[in-house]
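Asker: Please see the structure below; I have some questions.
Numbering (full-length UniProt numbering), first residue to last: 1 to 151.
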């Protein structure tokens, strides 16, 4: 819907993200039969806040570990071969027979990732300002309008 107004290298990144998809996890049911619960008339009280805190921390542990990992590393996160394939496809659309040097491809990949990260950072700020947790397309559009990227 809003893809026509995006810059071409953003479209390249969107194509890459559509092609590189993770496999869907299949639900594995429990192998043992369910145990009957004893029937009691005792009313259950919710556990105190101190007992719930470790479970709450455990829930987000993996996400926070990933965030820390990616903040520490400096390597590029876009796969090299996939990005090269998409760039070559786009080059062939404009002029057949064009080739690109590896260093130029690496520079293009570095700049595309830097632009994408800064765009997502600005979109995240827009989402936080709207008291949201998840970035939505309207946040990306607002960030682009504030930056002056859109025509």
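Backbone N, C-alpha and C fix where the C-beta goes; we use that ideal spot for every residue, glycine too.
#1: State the Cα-Cα distance for the pair residue 143 and residue 36, rounded to the nearest angstrom.
#2: Roughly how many angstroms lie between the CA atoms of residue 73 and residue 129, to the nearest whole one?
#3: Does DSSP put residue 152 in a helix, a strand or coil?
#4: Does residue 76 come out as helix, strand or coil in the three-state DSSP assignment?
#5: When burial is assigned at 16 or more other CB atoms within 10 Å of the CB, is residue 131 buried or exposed?
#6: Would you kindly work out how many angstroms separate the C-alpha atoms of residue 147 and residue 88, rounded to a whole number?
#7: In whole angstroms, what is the alpha-carbon distance linking residue 106 and residue 82?
#8: Count the other CB atoms, across all protein chains shown, that sit within 10 Å of the CB of residue 1; report buried if there are 16 or more and exposed otherwise.
#9: Assuming the contact rule is C-beta atoms closer than 8 Å, residue 118 and residue 135 should be a hit. Round their C-beta distance to whole Å, please.
#10: Take the Cβ of residue 109 as the centre, count every other Cβ of all protein chains shown within 10 Å, and call the residue buried at 16 or more, exposed below.
#11: Would you grab the beta carbon distance between residue 91 and residue 78 for me? Rounded to a whole angstrom, and I think it's under 8 Å.
#12: With a CB to CB cut of under 6 Å and the five nearest residues on each side skipped, what residues in its chain are close to residue 127?
#13: How far does the alpha helix (DSSP H) with residue 145 in it extend, from its first residue to its last?
Answerer: So, to answer that:
#1: 55 Å
#2: 28 Å
#3: Since the displayed the chain opens at 1 and closes at 151, residue 152 lies outside it and no answer follows.
#4: coil
#5: exposed
#6: 29 Å
#7: 12 Å
#8: Unreliable placement is indicated for residue 1, whose pLDDT of 48 sits below 50; the coordinate value is still reported in the next sentence. Residue 1 should be labelled exposed.
#9: About 13 Å; that fails the 8 Å criterion.
#10: buried
#11: Their Cβ separation, rounded to whole angstroms, is 17 Å, which puts residue 91 and residue 78 out of contact at 8 Å.
#12: 135 and 139
#13: 137 to 147
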